[in-house]
Amino acid sequence: MTQTAERQQATQDGHDVLVVDGLVRRFGDLTAVNDVSFRVARGETYGLLGPNGAGKTTTISMVCGLLEPDEGTVMVLGQQMGPTKVAPKRHLGLVPQDLAIYPDLSARENLTFFGKLQGLAGNDLKSRVGEVLELTGLADRAKDPTKEFSGGMKRRLNIGIGLLHKPTLLILDEPTVGVDPQSRNAILESVENLSGEGMAVIYTTHYMEEAERLCDRIGIIDSGTLQAEGTRSELIQLTGGVDNIQLTGSGDTTAAAEALRGLSSVAQVDAERGRLQLTVHDAPTAVAQIVTTATSAGLQLSDVQISRPNLESVFLHLTGKALRD
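Residue numbers (the UniProt record's numbering): 1 to 325.
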């Protein structure tokens with residue numbers, strides 16, 4: 001069985017909601033997306049990260065069926081997605097980066113309008129609108145025109161519109177851009193709850209801390225190519241998976257450096273005036289032995305600092321850019 005067939009079988013068996021296989025999209029001589037493949041399972045939040053111009057928007061447009069790929073396929077619950085495909089789009093909720101709400105309508109009116117577009121009617125529509133107003137924390141402002149809302153409230157309503165029809169796959173394209181910290185935290189909590197309820201989520205963001213907090217797996221895309229994919233721990237291994245410990249103090253730094261080089265947990269020691277920079281494996285486990293060894297060798301410590309690799313360092317390692325570049 002080919003890899004594509006295995007993925008499609010997994011989707012039909014109920015494991016994967018989304019299977020993206022070998023997507024390619026060209027605009028003239030420019031290949032915006034080049035052989036991108038990934039999958040998203042039920043209850044999983046998948047982060048798609050990349051600098052501006054990396055190919056994220058083009059990829060998302062093909063996943064949503066807004067753009068036809070030149071090569072490759074997008075399968076949603078075993079159904080092929082495309083611009084002319086209606087059935088798979090019923091399982092999809094899209095929350096675009098640009099606000100898609102009517103400013104002169106109230107929150108309730110916006111939700112009612114979009115709910116009708118999604119095929120809801122009668123008591124089902126009324127009940128679902130009420131549920132979404134509660135979920136997004138907008139119930140007490142349901143009758144107010146949305147032009148009077150703060151940026152964070154508009155963002156929450158934007159998400160609520162995408163949730164109305166209870167999609168199996170929700171795509172959130174930078175949903176916290178320009179919102180205040182309180183609204184941002186409320187949005188992140190909502191996303192955590194959605195994946196906990198079994199919804200598959202694709203999340204794009206320019207805030208690495210959001211990806212660290214929310215995403216079960218992450219794909220890093222740059223120059224149209226998926227450079228790496230995996231859990232946070234798997235991605236960090238790409239940088240070597242080593243930690244840094246900085247020891248500051250007075251005394252015999254030369255002797256301390258020599259003693260530390262003899263420890264199996266220490267990969268490298270760089271000595272400066274009154275300071276030692278160590279590259280180590282598993283700093284939290286190794287730090288006690290390192291401190292004991294350094295002080296026994298004559299270093300009087302005044303400060304110990306530990307820094308561990310994070311997704312930002314992985315991103316820089318793979319792309320040479322910061323996420324917000």
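Where a beta carbon is used, it is the ideal one built from N, C-alpha and C, also for glycine.
Because the structure is a prediction, the values reported are computed rather than measured.
Under DSSP, methionine 75 takes part in a beta bridge, and its partners are Val19 and Gln80.
For alanine 294, the closest of Ala283, Thr248, Arg308 and Pro309 by C-alpha to C-alpha distance is Thr248. Secondary structure note for asparagine 34: its beta strand (DSSP E) is the uninterrupted segment 30 to 41. Take arginine 184, set aside five residues on each side of it, and the residues of its chain with a beta-carbon closer than 8 angstroms to its own are Gly152 and Thr176, in chain order. When Cβ pairs closer than 8 angstroms are counted between the two stretches, the region 55 to 74 is seen to touch the region 85 to 92, the count reaching three or more. Within the region 86 to 134, the complete beta strand (DSSP E) segments at least 3 residues long are 92 to 95, listed from N- to C-terminus. Residue burial is scored here from C-beta neighbours: glutamate 44 has at least 16 other C-beta atoms within 10 angstroms and is therefore classed as buried. By the 16-neighbour rule on beta-carbons within 10 angstroms, glycine 28 is exposed. The residues Phe38, Leu48, Leu226 and Glu229, in chain order, have a CB closer than 6 angstroms to that of glycine 219 in the same chain once the five nearest residues on each side in sequence are set aside. DSSP, read as helix, strand or coil, puts aspartate 140 in helix. If you draw a straight line from the Cα of alanine 142 to the Cα of valine 74, it comes to about 37 angstroms. Annotated as distal: proline 284 and threonine 239, with beta-carbon spacing of 7 angstroms or more. Going by beta carbons, leucine 30 and glycine 72 fall outside the 7 angstroms limit. Residues of the same chain with a CB within less than 6 angstroms of the CB of valine 179, apart from the 5 flanking positions on each side, are Gly151, Gly152 and Arg155 in chain order. Taking one beta carbon from each stretch, the region 269 to 282 and the region 193 to 200 have fewer than 3 pairs nearer than 8 angstroms; the two do not touch. The three-state secondary structure of serine 307, taken from DSSP, is strand. Straight-line measurement puts the Cα of leucine 99 at about 41 angstroms from the Cα of isoleucine 306. Taking the Cα positions, alanine 288 is about 60 angstroms away from lysine 85. Cβ-Cβ distances below 8 angstroms link glutamate 258 to Ala297 in the same chain, with the five nearest sequence neighbours on each side left out; the list follows chain order. Beta-bridge partners assigned by DSSP to tyrosine 203: Gly47 and Leu172.
In the DSSP assignment, leucine 194 falls within the unbroken alpha helix (DSSP H) covering 181 to 196. Ranking Ser106, Ala107, Tyr102 and Val20 by CA distance to the CA of valine 76 puts Val20 first.
The beta carbon of alanine 87 lies closer than 6 angstroms to those of Gln79 in the same chain, with the five residues before and after it left out.
Check the Cα spacing between isoleucine 221 and each of Leu138, Glu189 and Val314: the tightest is with Val314. Threonine 136 is positioned such that its CB atom lies no closer than 7 angstroms to that of glycine 115.
The DSSP assignment places complete beta strand (DSSP E) segments of no fewer than 3 residues inside the region 244 to 311 at 266 to 272, 275 to 280 and 299 to 307, in order along the chain. Between leucine 164 and tyrosine 203, the gap from beta carbon to beta carbon reaches 7 angstroms or more. A distance below 7 angstroms separates the beta carbons of glycine 55 and glycine 224. For valine 17, the closest alpha carbon among the candidates Ser61, Ala200 and Ala256 is that of Ala200. For aspartate 303, same chain residues with a beta-carbon under 6 angstroms away, outside a window of 5 residues either side, are Thr248 in chain order. In this structure, the straight-line span from the alpha carbon of serine 61 to that of aspartate 282 is close to 41 angstroms.
Classified as buried, proline 167 has 16 or more neighbouring CB atoms from the shown chains inside 10 Å of its CB.
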